[in-house]
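Student: My questions all concern the structure below.
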Amino acid sequence: MTSFAYSRASFQDNVVINFAGHEGETGFADIIVYYNWQQNVSGNAASYANITLNFNGAAGTSFEEHSVDASNPLNNSHTISTTASNGRDLLFSTPASFAVRADFRFGVAFSLGLALDTQTSAYGVTGESMAAVFADKSAYWGGIDSIFTTQNDRVLDYALTSDSGIDYRQSFLPSAVPEPATSIMCALGLGIMALHRRRSRQRTEQ
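Using numbering that gives the first Met the number 0, the final residue of the sequence shown is 205, and nothing's skipped along the way.
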């Protein structure tokens, strides 16, 4: 038998970055994303837990962090693997972060988004297996760190607007006591998603 669970949290917005006298020219935005999560598998049957964090921006700019925890007791094996679309390994500090450079055109609206997907599965005809992902408010917008021109000149006097009214120049990583307005607005909170499957054989007394 197999038990399976999937969950997603995401946001998508349209953003315009203006730099006087440079309308229509290409620019680059260095964007920070913070994350902090944990996954766990156990039991004497195969189980699997997977987390994917995906950023997407203008002109097809994308970056994906992918983490897998899998257990197969039948082969006495346990594997933890982490990959990213550009080949970098994840660093699980608390919280970890990554930076991505997205290109856009000054004065032209572009799409900006972040998605967090979790997936767990547990297998077993006899015995027990468990797979869990703990991802409570575990992906945070870290803000636009810098804006550059194609000549790699840093732009300081730019203006930013968005359809939602959110100022994406700000970081929404909460302090020790998070402010509700920011933590609710830009935190991708999935809560605790746990999966557990057990099936035992019945015994017949003679």
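Virtual Cβ for every residue (Gly too), placed ideally from N, Cα, C.
This structure is a prediction, so every number in the text was calculated from the model and none was measured.
(1) What residue from Gly26, Arg7, Val107 and Leu113 has the CA that sits closest to Arg153's CA?
(2) From Gln11 to Ser145, what distance separates their C-alpha atoms?
(3) Going straight from the alpha carbon of Asp116 to that of Val15, what length do you get?
(4) Return the CA-CA distance between Glu24 and Trp140, expressed in angstroms with no decimal places.
(5) List the whole-angstrom C-beta distance separating Asn17 from Ala108, where the pair is believed to meet the contact cut-off of C-beta under 8 Å.
(6) Which partner residues of Ser6 appear in the DSSP bridge assignment?
(7) State the Cα-Cα distance for the pair Phe171 and Gly20, rounded to the nearest angstrom.
(8) What do you reckon, are the CB atoms on Ser9 and Leu113 nearer than 9 Å?
(9) In the DSSP output, what is Arg153 paired with across the bridge?
(10) Please report how far the alpha carbon of Ser92 lies from the alpha carbon of Phe54, in whole angstroms.
(11) Can you tell me whether Leu52 is buried or exposed, with buried defined as 16 or more other CB within 10 angstroms of its CB?
(12) Consult DSSP for Arg104 and reduce its assignment to one of helix, strand or coil.
(13) Distance, Cα to Cα, Tyr34 vs Arg7?
(14) Apart from the five residues on each side of it in sequence, which residues of its chain come closer than 6 Å, Cβ to Cβ, to Thr149?
(15) Just the C-alpha distance for Gly155 and Gly106, rounded to the nearest angstrom, thanks.
(16) Could you name the residues of the same chain whose beta carbon sits closer than 6 Å to that of Thr160, not counting the 5 residues immediately before and after it, in chain order?
Tutor: With the given structure in hand:
(1) Gly26
(2) 20 Å
(3) 27 Å
(4) 26 Å
(5) At roughly 11 Å, the Cβ-Cβ gap does not stay under 8 Å, so Asn17 and Ala108 are not in contact.
(6) DSSP lists Thr117 as partners of Ser6.
(7) The straight-line gap from Cα to Cα measures roughly 30 Å.
(8) yes
(9) Phe147
(10) Note that Ser92 has pLDDT 41, beneath the 50 cutoff, so the model's placement of it is unreliable and no number is given.
(11) If you draw a 10 Å sphere on the C-beta of Leu52, you find 16 or more other C-beta atoms in it, and that means buried.
(12) For Arg104, the three-state secondary structure derived from DSSP is strand.
(13) 15 Å
(14) Taken in chain order, the residues that qualify are Thr25.
(15) Residue 155 is actually Leu in this sequence, not Gly. So the two alpha carbons sit approximately 15 Å from each other.
(16) In its chain, beyond the 5 residues on either side, Val15 have a beta carbon closer than 6 Å to the beta carbon of Thr160.
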